[in-house]
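Notes for the one structure printed next.
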Ligand SMILES: Cc1cc2nc3c(=O)[nH]c(=O)nc-3n(C[C@H](O)[C@H](O)[C@H](O)COP(=O)(O)OP(=O)(O)OC[C@H]3O[C@@H](n4cnc5c(N)ncnc54)[C@H](O)[C@@H]3O)c2cc1C
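Numbering (our numbering), first residue to last: 42 to 332.
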């Protein structure tokens, strides 16, 4: 059995190729850099969705793979769904585990916005987008045969210029201390309070989705949760965060969690070691003074 794999980063690529190798598949991979696969199609870096779909159609027709695999990133999910729409193949995104069962695949994936997990079985060939972080890079004996490959511009697409998206460098993933705030902070100016506390604790600042995506007070790199960063600090101080499951999946590996909330029964209580029922506007200035 064969898989055709694409991921925009070598780390995600190698996590997924290890996962596929464990299932006993031969891996044909399109990549921009050296990666672990049986056949590596070293391509020029073209990252527009239609061109990657075109490359998959071209190689797919030649190789007839059983599985078309992407990482479940924004780009990966977009390409997977477009490719599936064009070929009529079934498509599963947000996959957390994958098994082969004869001529079918069984995948576990998030559903209802991450509140539940569902298991789905579908016939092969199929298109899947997999959460790469769920898998480790392992040392398999890959054939490592290299083939030059050009991702051509898709018809009707004329790239005039490319500009790197400005991203803030954020060390949330490896931070020992994180101060995360949510909608309990009422105004943008009040972030100063959070910043002062974070400075005292030498902490990275994280936030919930409404803060980065609805209000746009912080860049998306600071969002913690299902669609953001998964953190594992020694200490997380969570301020004015309700603790909905989509946020909570990002904090579950934190060692000690202190939550500050004025609602005595917010879901955040369930994920906290210490749950302080207080108005953040009264408590945080006092805390800063004490520190
Ligand atoms: C598909 C999908 C993916 C999602 N992915 C993510 C994700 O990755 N990350 C994420 O964060 N969200 C995500 N969400 C959104 C998520 O469901 C919640 O809506 C969001 O996490 C709520 O943010 P919040 O806690 O800041 O706001 P709210 O739910 O409004 O909570 C604010 C909290 O602040 C408390 N509060 C208010 N005033 C004070 C005060 N003065 N002092 C102390 N406490 C106070 C309130 O009691 C409340 O508990 C996703 C949703 C969907 C559907």
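Backbone N, C-alpha and C fix where the C-beta goes; we use that ideal spot for every residue, glycine too.
Under the rule that a run must span 3 or more residues, the beta strand (DSSP E) segments found entirely inside the region 266 to 290 read 276 to 280. Relative to residue 116, the option among 93, 127 and 275 whose CA is nearest is 93. Inter-residue distance for residue 218 and residue 270 is about 14 angstroms (C-alpha atoms, whole angstroms). Proximity of the beta carbon of residue 293 to ligand 1 is not indicated: no heavy atom of the ligand is located closer than 7 angstroms. No Cβ-Cβ contact shorter than 8 angstroms links residue 226 with residue 239. In the structure shown, the three-state DSSP call for residue 313 is coil. Between residue 178 and residue 257, the CB-CB gap reaches or exceeds 8 angstroms. With fewer than 16 other Cβ atoms from the protein chains shown falling within 10 Å of its own Cβ, residue 126 counts as exposed. Between the alpha carbons of residue 244 and residue 53 lies a gap of roughly 27 angstroms.
In this structure, the CA atom of residue 191 is about 16 angstroms from the CA atom of residue 104.
As for any beta strand (DSSP E) of minimum length 3 sitting wholly inside the region 119 to 181, the runs are 132 to 142, 145 to 152, 157 to 164 and 167 to 171, ordered along the chain. Sixteen is the threshold: when 16 or more other Cβ atoms of the shown chains lie within 10 Å of the Cβ of residue 309, as they do, the residue is buried. Of the residues 159, 296 and 252, the one whose Cα lies closest to the Cα of residue 275 is 296.
Between the C-alpha atoms of residue 65 and residue 42 there is a straight-line separation of about 7 angstroms. Secondary-structure assignment with DSSP links residue 220 through a beta bridge to 246 and 278. For residue 162, same chain residues with a beta-carbon under 6 angstroms away, outside a window of 5 residues either side, are 145 and 147 in chain order.
Residue 299 has 278 and 315 as its beta-bridge partners, per DSSP. Counting other Cβ atoms within 10 Å of its Cβ, residue 212 stays below 16 and is therefore classed as exposed.
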